[in-house]
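Counting with this note's numbering, you get residues 184 to 576 for the letters of the sequence shown.
From the three backbone atoms N, C-alpha and C, an ideal C-beta is built for every residue, glycine too.
Reading through the structure tokens given below for one structure.
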Amino acid sequence: MTRSLTILGATGSIGRSTADVVLAHRDELRVEAVVGGRDAAALGKVARQLGARFAALADERGGEALRQALSGSGIESGAGEAAVLEAVERDADIVLAAISGTAGLAPTHAALKPGRRLALANKESLVCAGSAFMADASRLGVAIIPVDSEHNALEHALAAGSNRDVEKAVITASGGPFRTWSRERIAKATAKEASAHPVWSMGSKINIDSATLMNKGLELIEAHHLFDLGAERLDVLVHPEAIVHGLVQWCDGAVTAGLALPDMKVPIANALRDETRLTMDLPRLDLAAIGRLSFERADEGRFPCLSLAKAALRAGGAIPTILNAANEIAVEAYMAGRIAFYDVSEIVEKVCSTFSGRSIAAPSTVTEALDIDQEARQTARILIPALAGATRL
Ligand code: NAD
Ligand code: MG
184 MTRSLTILGA TGSIGRSTAD VVLAHRDELR VEAVVGGRDA AALGKVARQL
234 GARFAALADE RGGEALRQAL SGSGIESGAG EAAVLEAVER DADIVLAAIS
284 GTAGLAPTHA ALKPGRRLAL ANKESLVCAG SAFMADASRL GVAIIPVDSE
334 HNALEHALAA GSNRDVEKAV ITASGGPFRT WSRERIAKAT AKEASAHPVW
384 SMGSKINIDS ATLMNKGLEL IEAHHLFDLG AERLDVLVHP EAIVHGLVQW
434 CDGAVTAGLA LPDMKVPIAN ALRDETRLTM DLPRLDLAAI GRLSFERADE
484 GRFPCLSLAK AALRAGGAIP TILNAANEIA VEAYMAGRIA FYDVSEIVEK
534 VCSTFSGRSI AAPSTVTEAL DIDQEARQTA RILIPALAGA TRL
């Protein structure tokens with residue numbers, strides 16, 4: 184049976200991979216709406232390619248350019264916040280949420296509708312407002328299927344038993360571009376070097392998060408909300424080949440793992456399937472050709488963002504919301520060349536410790552989460568000029 188799909192973040196890295204999956208399965212998947220941020224021409228192109236019925240650009244100023252890009256296609260369009268909401272509101276069986284950063288939270292949350300499936304790539308939604316988000320999803324009967332490769336693998340692995348029998352769920356990290364670099368060398372790394380991911384090809388923010396290992400920290404918090412597992416039952420393992428994505432160690436000593444070649448189309452296809460899997464014309468995993476797989480512990484000394492995220496998960500309350508907000512501001516400043524690599528973790532640490540004395544409870548609504556997010560961003564912004572002044576890259 185045909186399933187209708189709306190793609191949030193259709194022009195991004197995940198969005199483009201999703202388009203490839205849809206194009207290979209047009210008989211099963213029909214695109215209702217596509218949403219993009221600023222690039223009207225790119226959104227127009229993907230809307231035409233997928234035969235979407237509606238295209239919405241978040242940036243109001245791009246409305247005319249989008250109309251032009253779609254002229255003669257019969258595809259309706261709109262620009263600005265209301266248009267994004269219209270896209271989310273339209274009837275679709277599945278919404279794939281792949282806007283980057285906390286900007287994705289409001290539209291992703293608005294996509295929670297009774298009986299719908301949410302294919303979730305935007306991990307920041309869960310880090311910023313996990314408890315509120317999961318409670319609303321459960322109240323509305325929305326099935327959340329994680330698109331993040333590690334969580335998609337864990338979802339498979341966890342199906343082999345029950346939650347109480349899980350001793351540990353482990354997500355792997357490729358280690359990023361600085362896995363083998365010394366702390367001194369990492370300290371001087373530019374954003375361009377940090378963006379050169381050895382395995383995955385991704386958007387700019389997640390690339391930097393992968394270099395700092397904050398991405399893995401955010402993913403631990405994501406896993407906590409998705410699978411109802413506490414910090415003590417979650418762990419990270421560095422695995423440079425990025426073949427094993429997630430492992431579940433059971434109480435009887437058995438381990439169930441999810442493996443695949445590192446290509447986001449694999450978890451995306453899995454998130455969009457029905458009872459039967461979608462056949463994908465992708466290279467197959469050939470373990471004999473790979474020969475060996477290696478694993479090592481994450482070095483939290485060189486990658487303090489991971490340890491800050493773990494601490495935030497243990498602390499709970501609003502600290503994950505604050506960590507996520509501070510990280511986004513710090514990553515923006517790092518990408519702009521204003522601060523150095525280790526200033527990112529320094530900003531995150533300072534902002535978290537500023538708020539930790541106040542013991543703010545975990546936000547119980549998305550609005551509350553976004554208010555805390557704004558306050559934490561402001562605190563982070565204040566720290567940047569002093570660090571920027573001290574930085575010589
Ligand atoms: P990207 O930067 O390549 O794409 C982001 C998309 O969001 C673009 O379409 C952009 O136009 C859109 N966008 C940005 N701001 C917007 C706004 N305010 N309103 C509407 N649209 C907006 O990012 P990506 O790498 O595709 O990542 C998307 C999400 O998926 C992130 O949350 C990331 O953590 C997660 N994710 C990505 C990967 C990956 O391999 N790229 C893997 C796992 C999880
Ligand atoms: Mg991931």
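- Annotation: lysine 448 to leucine 465 spans about 9 Å, alpha carbon to alpha carbon.
- Relative to ligand 2, even the nearest heavy atom lies 8 Å or more away from the CB of aspartate 446.
- If you ignore the 5 residues before and after tryptophan 433, its C-beta comes within less than 6 Å of the C-beta of Gly344, Asp348, all in its own chain and listed in chain order.
- Between leucine 491 and methionine 397, the CB-CB gap stays under 9 Å.
- Judged by beta-carbon spacing, alanine 336 lies beyond the 9 Å limit of leucine 420, meaning their Cβ atoms are not closer than that value.
- Looking at the DSSP output, valine 427 bridges to Leu442.
- Alanine 320 is positioned such that its CB atom lies no closer than 9 Å to that of tyrosine 517.
- Straight-line spacing of the CA atoms in glutamate 367 and proline 487 works out to 14 Å.
- The distance from the Cβ of valine 353 to that of aspartate 418 is about 5 Å, consistent with a contact at the 8 Å cut-off.
- Shown here, arginine 368 sits in a helix according to DSSP, grouped into three states.
- Taking 8 Å as the cut-off, the C-beta of leucine 553 does not count as close to any heavy atom of ligand 1.
- Short of 6 Å from the beta carbon of leucine 470, and not among the five residues preceding or following it, lies no beta carbon of its own chain.
- Shown here for isoleucine 530: same chain residues with a beta carbon closer than 6 Å to its own, the five before and five after excluded, namely Ala509, Ala513, Ala563, Leu566 in chain order.
- Placement of the Cβ of asparagine 507 at a distance of 8 Å or more from every heavy atom of ligand 1 is found.
- Closer than 8 Å to some heavy atom of ligand 1: that does not describe the Cβ of glycine 436.
- With contact defined as three or more Cβ pairs closer than 8 Å, the region 250–266 and the region 211–231 are in contact.
- Under the DSSP assignment, lysine 351 falls in the beta strand (DSSP E) whose first and last residues are 349–356.
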